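> Numbering (my numbering) for the sequence shown: 685 to 815.
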Amino acid sequence: MPPLHARCRSITVAYFGDADFIDEFGREYQLPLDIRSKIQRWHLKNVKYKDVDSYVKDCLSNINKEASHINDRSKSILFCKNKHVLFVGANGTIETCFRPDGDEYSYFSEYADELIYDSMGWFIKWLKNIF
């Protein structure tokens with residue numbers, strides 16, 4: 685809170701807007717409040733996280749694969765190392781984040797069109813350049 689001066693009558697108001705998240709590549713994402721409440725209600729029941737922010741931050745810091753969405757190429761789908769799936773809109777807003785039932789990778793493959801990033805493919809190329 686800023687210091688109050690002798691005749692200053694300003695009031696500090698808290699702003700609870702959309703939170704910004706940054707993934708391991710430095711890209712920014714936004715999580716709208718309605719999507720935040722949806723994730724809180726439906727997808728945080730069976731995971732170890734207590735709040736949505738730590739859940740989304742952990743998923744964005746562990747991206748394993750990224751692909752464009754099969755129905756809308758401007759959207760992307762992220763598969764994380766903790767076997768969670770994120771759907772990201774064209775303007776960088778997170779549409780949902782959850783762990784699918786059953787085989788997680790087959791769920792990702794069902795909705796993935798063109799692979800943009802693969803952490804193992806990058807690692808293998810890096811090893812070939814070294815040796």
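The beta-carbon is built from N, C-alpha and C at its ideal position, and this holds for glycine as well.
Nothing here was measured: the structure is a model prediction, and the numbers come from that model.
1. Can you tell which of I814, D787, N746, S793 has the C-alpha that lies nearest to the C-alpha of G820?
2. Given a threshold of 16 other Cβ atoms within 10 Å of its Cβ, counted over all protein chains shown, does K729 qualify as buried or as exposed?
3. Taking 8 Å as the cut-off, decide whether the C-beta atoms of I723 and V736 are in contact.
4. Sort out for me which residues DSSP pairs A796 with in a bridge.
5. Does the beta-carbon distance from I706 to E712 come in below 8 Å?
6. So, is S738 buried or exposed, given that buried needs 16 or more other C-beta atoms within 10 angstroms?
7. For the alpha helix (DSSP H) holding V736, just list the boundary residues, first then last.
8. Is R783 near K765, with beta carbons less than 8 Å apart?
9. In whole angstroms, what separates the C-alpha of F792 from that of D785?
10. Could you give the DSSP three-state label for Y713: helix, strand or coil?
11. Mind checking A796: buried by the 16 CB within 10 Å criterion, or exposed?
12. For K749, I'd like the list of residues in its chain whose CB is within less than 8 Å of its CB, leaving aside the five on either flank, ordered along the chain.
13. Identify, in the order they occur along the chain, each residue of the same chain with its Cβ nearer than 8 Å to the Cβ of D704, setting aside the five sequence neighbours on each side.
14. Cβ of V772 within 8 Å of Cβ of S760?
Quick look at the numbers:
1. Nothing about residue 820 can be reported from this structure: the residues present for the chain run from 685 to 815 only.
2. exposed
3. yes
4. H753
5. yes
6. exposed
7. 736-744
8. no
9. 12 Å
10. strand
11. buried
12. L762, F763, F792, A796, L799, Y801, D802, S803
13. E712, Y713, Q714
14. yes
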